[in-house]
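Residue numbers (the numbering used here), protein chains in the order written: chain A, 1 to 56; chain B, 1 to 318.
Glycine included, every Cβ here is placed at the ideal spot set by N, Cα and C.
None of these values were measured; they are calculated from a predicted model.
Accompanying notes for the structure given below.
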Amino acid sequence: MTTPQGEFPRPLTPEEAKSRRSRNVAIALGIVFLIVLFYVVTVTKLGLGVVIRPSI
Amino acid sequence: MSFVAGQNEMPQNARVSLAEPRDFFALLKPRVMSLVVLTALAGIMLAPTPTHPVLGFASLLAIAVGAGASGALNMWYDADIDALMSRTKSRPVPSGRVTAGEALAFGLVLSVLSVFTLGVVSNWLAAALLAFTIFFYAVIYTMWLKRWTPQNIVIGGAAGAFPPVVGYAAATGGMAIEPIVLFAIIFIWTPPHFWALALAKSEEYARAGVPMMPNAKGDARTRKEILAYSVILAPVGALPWLMGFASIVYGVLSVIGGAGMIWYAWRVLRDTQGPEARKATMSLFGFSILYLFALFLVIVIENGPAAAVARFAARLIG
């Protein structure tokens, strides 16, 4: 397998793989935190309106 | 054939980042962020009606991340001079743990995210003020003033003074005199605080080509200006009490703290040679942090937990 530059790929070193994994975990945690934050803020702003459904 | 390297394979000469999450966290200047959190919280707490804790927390978080984003942009742009100074050479970009491009992308993404979040959570006036704060710190101060004029931290100090104004706007959607007084306290506090450090690190700033007051105008003028700003700061620091939006506890603390600032500034003016001179400047630097932290902490406590207890007691009695 070659890259567009025609170079042979190399496996990540253990340090590179470890730091990449820890960055990915941090990004995942950040995204989950943002989802929870926006959910809680939305419910807070809607207040009681969140349980009042329009009648059809 | 594939044009994409395997998930754990890279081209032979490719550089793979070894940056850990803590390196990106360091880009946010956490110590500066902690002061931003406190001063913005004071602005939120000064709102006439209490802010919902969830919305207050989310707003505070957005302001803190916005401040951190401007710190990351600062470290991206200043990596060349950071590498020349002992205080900053171990920062993520000059030490090589994070590339300049990564710091720039990180700062820009967090800037947009924090401004958008504050706009959605609170209001767009607060979001606009936060955006202006980031712009002021990253562009006006970092890219323009810092390498151009010895008044860099005087004018640039406005960026650090904005958080209570942003916090108040987030809580109320408007503006009032109280957060502007808090702005004035931080604005006038900034020169004696930073010049005390600049006196101790004067040679390093000169080597990096940053025209700080001591290496641009001389130690003697810097020491006089430190005292002048401290003399102005003492009464301004007491304004919240004099204007009636802080208690006598704050009043006493601000008067004692203001006198302390003048005393330490006087020592800086008096002790100009040898180890005594360095001790005087670092004492002022340390005391100035304590002074500002204490004033804003009292405002937060008085308008937060103490005010809540007072409301609860009034309800019980009434």
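Check                                                                                                                                                                                                         : Outcome
Going by the CB atoms, is the gap between residue 212 of chain B and residue 189 of chain B shorter than 9 Å?                                                                                                 : no
Grouping DSSP H, G and I as helix and E and B as strand, with all else coil, what is residue 92 of chain B?                                                                                                   : coil
Would you mind reading off the limits of the alpha helix (DSSP H) that contains residue 20 of chain A?                                                                                                        : 14-46
Starting from the C-beta of residue 89 of chain B, find all residues in its chain whose C-beta is less than 6 Å away, skip the five residues before and the five after it, and write them out in chain order. : 83
Which chain B residues are close to residue 23 of chain A, counting only those with a beta carbon under 9 Å from its beta carbon?                                                                             : 17, 19, 20, 21 and 24
Kindly indicate which three-state DSSP category residue 50 of chain B falls into: helix, strand or coil?                                                                                                      : coil
Are the CB atoms of residue 58 of chain B and residue 37 of chain A nearer to each other than 9 Å?                                                                                                            : yes
So if I threshold CB-CB distances at 8 Å, which residues from the segment 56-71 of chain B count as touching chain D?                                                                                         : In the structure shown, chain D does not exist; the protein chains are A and B.
With a 10 Å radius around its C-beta and 16 neighbouring C-beta atoms as the bar for buried, classify residue 141 of chain B as buried or exposed.                                                            : buried
If you count every other CB in all the chains shown that lies within 10 Å of the CB of residue 4 of chain B, and 16 or more means buried, which is it?                                                        : Unreliable positioning characterises residue 4 of chain B in this predicted model, as indicated by a pLDDT of 47, which lies under 50. The coordinate reading is nonetheless provided below. Counting Cβ neighbours within 10 Å, residue 4 of chain B comes out exposed, since fewer than 16 surround it.
Name, please, each residue of chain A whose Cβ falls closer than 9 Å to the Cβ of residue 193 of chain B.                                                                                                     : Within 9 Å Cβ-Cβ: nothing; residue 193 of chain B doesn't reach chain A, min ~32 Å.
Please report the Cβ distance between residue 391 of chain B and residue 268 of chain B, rounded to the nearest whole angstrom; I am assuming they are in contact, meaning their Cβ atoms lie under 8 Å.      : In this structure chain B extends from 1 to 318, so residue 391 of chain B is not present and cannot be described.
Any idea if residue 182 of chain B is buried or exposed, counting beta-carbon neighbours within 10 angstroms, 16 or more meaning buried?                                                                      : buried
To the nearest angstrom, how far is it from the Cα of residue 24 of chain A to the Cα of residue 11 of chain A?                                                                                               : 18 Å
Which residues, in chain order, does the segment 105-118 of chain B contribute to contact with chain A at a C-beta distance below 9 Å?                                                                        : 113 and 117
Going along chain B, which residues have a C-beta under 9 Å from residue 40 of chain A?                                                                                                                       : 54 and 58
DSSP state of residue 150 of chain B, grouped into three classes?                                                                                                                                             : coil
Within a Cβ cutoff of 8 Å, which residues of the same chain sit near residue 165 of chain B, ignoring the five residues on either side of it in sequence?                                                     : 43, 129, 175, 179, 180, 182 and 183
Using DSSP with H/G/I as helix, E/B as strand and the rest coil, what is residue 211 of chain B?                                                                                                              : coil
Whose C-beta lies closer than 7 Å to the C-beta of residue 143 of chain B among residues of the same chain, with five residues either side of it excluded?                                                    : 77
Tell me, please, whether the CB atom of residue 5 of chain B is closer than 9 Å to any CB atom in chain A?                                                                                                    : Annotation note: pLDDT 47 at residue 5 of chain B (below 50); position unreliable, no value reported.
Hey, would you say residue 98 of chain B sits closer than 9 Å to residue 19 of chain B, going by beta carbons?                                                                                                : yes
By the three-class DSSP mapping on this structure, what secondary structure does residue 10 of chain A have?                                                                                                  : strand
Could you say which of B:36, B:172 and B:262 lies nearest to residue 50 of chain B if we only look at CA atoms?                                                                                               : B:172
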